[in-house]
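Visitor:
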Amino acid sequence: MTVKQNQPQLHQRLNELFEQYAQQDYQVKGLRKQISKPQRSHGRTEQRFCYAIGVPPADKVFQRWPSLQSIGLLNRHSRTSDRRSAQQAK
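Written out as structure tokens, the structure is:
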């Protein structure tokens, strides 16, 4: 499921966790990452970065979803000859 700002505590906690992981260059025990090769199509180059890790067991924010086993982040970077953009989904 994609988490949006209509779940403010969950959204904030995911932002905090993945910001911590980014500060550690995603070198975190148990974190899996998949980086796609740059793909060119329709005048743009796009690359995806996907990160997934098990739910932190003691984190109370996630207790509302007892069957939740992992959390993830998908970054999509796109560029054309004149601009760059990035999108994120958690």
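The working numbering numbers the first residue of the sequence shown as 60 and each following residue consecutively. Virtual Cβ for every residue (Gly too), placed ideally from N, Cα, C. Keep in mind the model is a prediction, meaning the values are calculated, not measured.
1. Please confirm whether T61 and R103 have their CB atoms less than 8 Å apart.
2. Terminal residues of the continuous beta strand (DSSP E) containing N134?
3. Hey, does V62 have any beta-carbon neighbour from chain B nearer than 8 Å?
4. Just to confirm, is the Cβ distance from V114 to L132 under 8 Å?
5. A117 by DSSP, collapsed to three states: which one?
6. If we call anything under 8 Å between Cβ atoms a contact, is R91 one with A111?
Guide: Let me lay it out:
1. no
2. S129 to R138
3. Protein chain content of the structure displayed is limited to a single chain, and chain B is not contained in it.
4. no
5. coil
6. yes
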